[in-house]
Amino acid sequence: CNQADLGPISINWFEELSSEAPP
Amino acid sequence: HSIEQTEITDVPAYDTLNPGNLQLVSKLKNPSGSCSVDVSATWWEIAGVKEPCIVTACEYAVSLWKPLDIWQWEKMYSWHFTEIPVLQIVPMPDVCNLVCVALGSLEIREIRALLCFSDAKNENQVLLNSGNIQAVLGLTKRRLVSSSRTLCDQQVEIVTIAEDGGSKEKQFLMPVEETIQTFAEVQGMQEALLGTTIMNNIVIWNLKTGQLLKKMPIGDSYQASICHKAYSEMGLLFVVLSHPCAKEKEPSGSPVFQLIVINPKTALSMGVMLYCLPQGQAGRFLEGDVKDNFAAAVLTSGTIAIWDLLLGHCTALLPPISDQNWSFVKWSGTDSHLLAGQKDGNIFVY
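Protein chains in written order, with my numbering: chain A, 1342 to 1364; chain B, 241 to 590.
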């Protein structure tokens, strides 16, 4: 599949989403 | 040897794909004659030694089978249920001396921990949760996650099971508006829990904080998806799904499992691979299990099919035997066995 179709990727997605999500 | 003990029977040789990969080693016979519903494998300490045991579930009894000799098992203990039938065994990864079961009819009504104490001080069955439970999964560190519906919303709860089978600790995860269909741990990420919903979304929680991190739509083509495996690699989330509602015929064959990739940051997703039946084989997913890189499914045709997820194709087919369709299939969590069951209570170990 074409990775570009998935948008910008972050290796640390779990930590980043945890810091953005409501507590 | 009583009829409860194992026996090896003559099974027709298969003229199928790589039949040599699967070798029948024994058969566990259920003497009660009641309908067989599930099978699993677990570790149990017997005379100070941890042994790989098999757990079988009939409608009103769950039995623990200990290994006797090579490929032989003997029934060691049975738990009986009088009011609510057994729906499924809930495998608990990395535990010893503990079996969890879900009881109910259409929906799960109770989850119980089953133990085996010889003293009268402790109960051998402990109620862990009750209500209208939609999904349950055994997690590492003796934890069990379940989602249940209350009058106004849905509750997602984690219980940690104590040595005596009671719930030691309770934690609630942030609820989702939609009904959760299945849970899955994300391999290699101890704090991540994934759920599929009946509205074709995948949700992710942080197990440590209870936060709901993201809701990701996966499209109408993934209706009523069951998640069998999830892992994160290079910032992307890979998920193996099956679709009980999938169409029986696609141009590439009958798809049974599917690998999709999701970018959790953007919630964008796409299909990576379809795991289809070989040409000439009919059927769609009824029940199945994924372990490491292997997927096994009982199909509507009564056959079991096995895929190598890395190779991308079906590697073995087990047609119905003794004129009996297969009704469930599980990979053993203790070794490299495939456990296949028929409704009449016969369990075949490959």
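A virtual CB, placed ideally from N, CA and C, is assigned to each residue, including glycine. Quick caveat, the model's predicted, so the values are computed rather than measured.
Pick from the options that is closest to residue i, judged by C-alpha positions
i: Glu403 of chain B; options: B:Gly428, B:Val366, B:Glu397 and B:Ile438; result: B:Val366
i: Leu526 of chain B; options: B:Ser509, B:Glu285 and B:Pro495; result: B:Pro495
i: Tyr515 of chain B; options: B:Asp584, B:Ser482 and B:Pro333; result: B:Ser482
i: Pro457 of chain B; options: B:Gly475, B:Gly511 and B:Pro484; result: B:Gly511
i: Leu338 of chain B; options: B:Ile329, B:Gly344, B:Ser345 and B:Val376; result: B:Ile329
i: Asp563 of chain B; options: B:Lys583, B:Thr555 and B:Leu578; result: B:Lys583
i: Asp393 of chain B; options: B:Thr419, B:Phe478, B:Leu550 and B:Val376; result: B:Thr419
i: Met591 of chain B; options: B:Gly378, B:Val289, B:His320 and B:Glu409; result: Here chain B comprises residues numbered 241 to 590, so residue 591 of chain B is not present and cannot be evaluated.
i: Pro292 of chain B; options: B:Trp305, B:Gly459 and B:Glu397; result: B:Trp305
i: Cys336 of chain B; options: B:Cys356, B:Gln463 and B:Ser509; result: B:Cys356
i: Glu350 of chain B; options: B:Asn440, B:Ile438, B:Ser358 and B:Pro325; result: B:Pro325
Contact check, residue i vs residue j, beta carbons under 8 Å
i: Tyr590 of chain B; j: Gln374 of chain B; result: no
i: Ile466 of chain B; j: Leu453 of chain B; result: no
i: Phe202 of chain B; j: Gln395 of chain B; result: Since the first residue of chain B shown is 241 and the last is 590, residue 202 of chain B is not available in this structure.
i: Val538 of chain B; j: Ile544 of chain B; result: yes
i: Ser280 of chain B; j: Gly581 of chain B; result: no
i: Leu368 of chain B; j: Val302 of chain B; result: no
i: Leu447 of chain B; j: Glu431 of chain B; result: yes
i: Gly450 of chain B; j: Met414 of chain B; result: yes
i: Val265 of chain B; j: Trp313 of chain B; result: no
i: Val385 of chain B; j: Leu433 of chain B; result: yes
Closer than 8 Å to chain B by CB, residue i
i: Ala1345 of chain A; result: no
Rounded distance between the beta-carbons of residue j and residue i, thought under 8 Å
i: Thr190 of chain B; j: Thr574 of chain B; result: With chain B running from 241 to 590 in the structure shown, residue 190 of chain B is simply not present.
i: Lys505 of chain B; j: Pro1349 of chain A; result: 7 Å
i: Gly542 of chain B; j: Trp566 of chain B; result: 6 Å
i: Val399 of chain B; j: Ser387 of chain B; result: Not confirmed; about 13 Å, so no contact.
i: His468 of chain B; j: Asp529 of chain B; result: 7 Å
i: Leu549 of chain B; j: Ala535 of chain B; result: 6 Å
i: Leu579 of chain B; j: Cys554 of chain B; result: No, Leu579 of chain B and Cys554 of chain B are not in contact; Cβ-Cβ is about 19 Å, not under 8 Å.
is_contact[residue i, chain A] using C-beta, thresh 8 Å
i: Gln498 of chain B; result: no
i: Thr449 of chain B; result: yes
i: Lys469 of chain B; result: no
i: Tyr254 of chain B; result: Confidence at Tyr254 of chain B is low in this model, with a pLDDT of 40, below 50, so the placement of that residue should be treated as unreliable; the coordinate-derived value is given next. Cβ-Cβ to chain A under 8 Å: no for Tyr254 of chain B.
i: Pro292 of chain B; result: no
i: Val501 of chain B; result: yes
i: Met456 of chain B; result: no
i: Lys593 of chain B; result: What the structure shows of chain B is the stretch from 241 to 590, and residue 593 of chain B is not part of that stretch, so it cannot be assessed.
i: Lys408 of chain B; result: no
i: Gly459 of chain B; result: no
i: Pro504 of chain B; result: yes
i: Ala537 of chain B; result: no
i: Trp571 of chain B; result: no
i: Ala301 of chain B; result: no
i: Leu557 of chain B; result: no
i: Gly428 of chain B; result: no
i: Gly520 of chain B; result: no
i: Gln245 of chain B; result: In this prediction, Gln245 of chain B scores a pLDDT of 47, lower than 50, which makes its location untrustworthy; the coordinate-derived value is nonetheless stated afterwards. Cβ-Cβ to chain A under 8 Å: no for Gln245 of chain B.
i: Leu379 of chain B; result: no
i: Ala432 of chain B; result: yes
i: Asn441 of chain B; result: no
i: Gly475 of chain B; result: yes
i: Val251 of chain B; result: Confidence in Val251 of chain B is poor, its pLDDT being 42 and thus under 50, which makes the residue's placement too unreliable to answer from.
i: Leu453 of chain B; result: yes
i: Met510 of chain B; result: yes
i: Ile248 of chain B; result: Annotation note: pLDDT 49 at Ile248 of chain B (below 50); position unreliable, coordinate value reported separately. Not closer than 8 Å to any Cβ of chain A, the Cβ of Ile248 of chain B fails to qualify, so no.
Proximity test, Cβ basis, 8 Å: residue i and chain D
i: Gly552 of chain B; result: The question asks about chain D, but that chain is absent: this structure's protein chains are A and B.
Those runs of the beta strand (DSSP E) which lie wholly inside the region 304 to 377 of chain B and span at least 3 residues
Segments of the beta strand (DSSP E) lying fully in the region 304 to 377 of chain B: 312 to 320, 326 to 330, 339 to 344 and 348 to 354.
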